[in-house]
Amino acid sequence: MSEPLNPEQLRSLTPLNALSEQQWRELRSQLVPQHLLAGQLLFRRGDKARHTNYLLSGTLLLRDEAGLEHELQAGTEASCHPLSPSLPRLHEVHALTDVSLLLLDSATLTRLLTWRSAYHDLLLELASTGEDIDWIERLLENPIFNRVPPSNVRAMLERLQRLELLAGSSVLSEGEVGDCCYFLKSGRAEVIRGAGSAHQVLAELEVGACFGEEALLADLPRNASVTMLEDGVVLRLDRQDFFALLKAPVVDEVSFGEATRLLTAGAQWLDVRLQQEYEHTHAQQALNMPLHLLRLKARLLDKTHTYLCYCDSGKRSASAVFLLSQLGYQAYALRDGLDALPAVQRGALLCEHGSGYLARSGGRTERSL
65 MSEPLNPEQL
75 RSLTPLNALS
85 EQQWRELRSQ
95 LVPQHLLAGQ
105 LLFRRGDKAR
115 HTNYLLSGTL
125 LLRDEAGLEH
135 ELQAGTEASC
145 HPLSPSLPRL
155 HEVHALTDVS
165 LLLLDSATLT
175 RLLTWRSAYH
185 DLLLELASTG
195 EDIDWIERLL
205 ENPIFNRVPP
215 SNVRAMLERL
225 QRLELLAGSS
235 VLSEGEVGDC
245 CYFLKSGRAE
255 VIRGAGSAHQ
265 VLAELEVGAC
275 FGEEALLADL
285 PRNASVTMLE
295 DGVVLRLDRQ
305 DFFALLKAPV
315 VDEVSFGEAT
325 RLLTAGAQWL
335 DVRLQQEYEH
345 THAQQALNMP
355 LHLLRLKARL
365 LDKTHTYLCY
375 CDSGKRSASA
385 VFLLSQLGYQ
395 AYALRDGLDA
405 LPAVQRGALL
415 CEHGSGYLAR
425 SGGRTERSL
C-alpha cells in the first residue's frame, strides 16, 4: 500500500492548500494515492459518488455528453482543481496513461473548508481585541467543534463563565448529573474513574480540552471525575447554552431560478470561495470575497444592494449569508451550491475565467486588471 502524501506534496491543489496542519492530520487516512492503468475507467457521466478527485500524475481523457473529448495532464493549472466536480458527473473519464489520483470524501472536505474559513475570520477579529488566540486555536481543534456551526462559536465564547481553581480542586464528580461542560484554559487536570485504591487515571487534560460534554450528549450521569493538578482556569458552559450552539442558524436560500430573477432586479453575485477557485471559473461580474476575509471586506459592499452568495457545496455561502445578515446586509445563499446545479445551469453561471471584479468603497464595482 502507498504511503500517505504529506501537505508539502499537495500544496498546489485548490482548495486543499487552505487547510491547517490539524486538518491535514484529520485527512491523513484519505491522503493515499489511488492508481489506474492506461485504459481503465475512473467514472462514467452521471456518476453520483461523493468524492473529490485530483489528478496527481499521468494523463486522463474526458468525454462530455456531446462526445467532445479533451485531455487533462498532471502538472497543468487545470489539474490543480477538482476533476469534473458537478454531481451527477458531466464527463466520462478514462486513463490515457497509467495515472495516480487523490480521492477525498467530499462531505469531509467541505466541512473542513467551511470550518477553516469561518474560524479564520473569527480569530482575526478576536486578535484585534487582544484575546489569547493561541488558546482559542487549541480549543477549536477539539472534535466537539465539528458539531458546532462556525457562526455559533462567537456566541459560545461570550457565554463561557470563568472559574479560577486551585490545585486539588474537584471540577466535576463521577455519578453526578451533567448540567454543564467545561473547557480548560490554563493549568493541568486529570480524569479519574473509581475511588480510593480502586481509582484509575484515564487521562491528563491539556489546555484547550473540552470535558463533561459526554453526559450532556448522552443524557447520563458523569462517568468520571476531573480534578485540577495545578492552579488553573476553567470555563463553564451551561447545558442550555451547549445545545443552543449545536443548532445550525437559519439563513435565507434561493434556487438558481430565484437567483436569476433577483439578478434581473439588480442583485450581485458574491463568490465566497478562495481566489484560486474564483479565477479558475466564476459567475459573470461576480465579486470575490473569500469567506475567511469577508468580515474585513464587507465594509466595501453596499447595504442598498442584494448579494447572492455561492460556493461549491453551499456550506461556505451559508456561513457568509449569516455573517452578512449580522452586519446588516441583504444576502441569500445559492441552495446546495454549484455542485448541485445541472450541467446547463452550472455552465451558464460559471462563464468567466481569470481575475474578475473588485468592490470599492460605497459598493462601486471595478474590473480588476
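Under our numbering, think of the first position of the sequence shown as 65, with each following residue one higher.
Cβ atoms here follow ideal geometry from the backbone N, Cα and C, with glycine treated the same way.
Assigned secondary structure, residue i (DSSP; H/G/I helix, E/B strand, else coil)
| i | result |
| --- | --- |
| T78 | coil |
| S250 | strand |
| L230 | coil |
| F335 | The identity of residue 335 in the sequence shown is Asp, whereas the question assumes Phe. DSSP places D335 in strand when its eight states are reduced to three. |
| H356 | helix |
| Q348 | coil |
| Y342 | helix |
| L327 | helix |
| R175 | helix |
| R431 | strand |
| V314 | coil |
| S84 | coil |
| S192 | helix |
| S181 | helix |
Residue burial classification, residue i (beta-carbon count within 10 angstroms, cutoff 16)
| i | result |
| --- | --- |
| L334 | buried |
| E129 | exposed |
| Q349 | exposed |
| G260 | exposed |
| S289 | buried |
| G329 | Strictly speaking, residue 329 in this sequence is Ala, with Gly absent from that position. With fewer than 16 other Cβ atoms within 10 Å, it is exposed. |
| V46 | The question about residue 46 has no answer here: the residues shown for the chain are numbered 65 through 433. |
| A198 | Correcting the residue identity first, residue 198 is Asp in this sequence and not Ala. Its Cβ having fewer than 16 others within 10 Å, D198 is exposed. |
| K249 | buried |
| T443 | A query on residue 443 cannot be resolved here, the shown segment of the chain reaching from 65 to 433 and no further. |
| R89 | exposed |
| G418 | exposed |
| H134 | exposed |
| S76 | exposed |
Where the beta strand (DSSP E) through residue i begins and ends
| i | result |
| --- | --- |
| G296 | G296 to D302 |
| L29 | Because the chain here runs from 65 to 433, residue 29 falls outside it and cannot be looked at. |
| L422 | Y421 to A423 |
| L414 | L414 to E416 |
| H158 | E156 to A159 |
| L398 | Q394 to L398 |
| S289 | S289 to M292 |
Whether residue i touches residue j by CB criterion (8 Å)
| i | j | result |
| --- | --- | --- |
| H115 | D169 | yes |
| L281 | F247 | no |
| L119 | L105 | no |
| V315 | A382 | yes |
| E430 | L422 | yes |
| D295 | R337 | no |
| G506 | H158 | Nothing can be reported for residue 506: it is not among the residues displayed for the chain, which extend from 65 to 433. |
| P79 | E341 | yes |
| Y393 | L372 | no |
| R380 | L355 | yes |
| E254 | V265 | yes |
| L360 | L188 | yes |
| L56 | L125 | The question about residue 56 has no answer here: the residues shown for the chain are numbered 65 through 433. |
| L186 | V217 | yes |
Run of the alpha helix (DSSP H) containing residue i, from where it starts to where it stops
| i | result |
| --- | --- |
| A382 | K379 to Q390 |
| V217 | P214 to R223 |
| L372 | Per DSSP, L372 belongs to no alpha helix (DSSP H); it is in the beta strand (DSSP E), T370 to Y374. |
| R202 | I197 to L204 |
Query raised in the report: Which ranges would you report for the alpha helix (DSSP H) in the segment 90–150 if only whole runs of at least 4 residues count?
Result: none
Query raised in the report: Residue ranges of each alpha helix (DSSP H) run of no fewer than 4 residues wholly in the segment 237–287, ordered along the chain?
Result: 277–282
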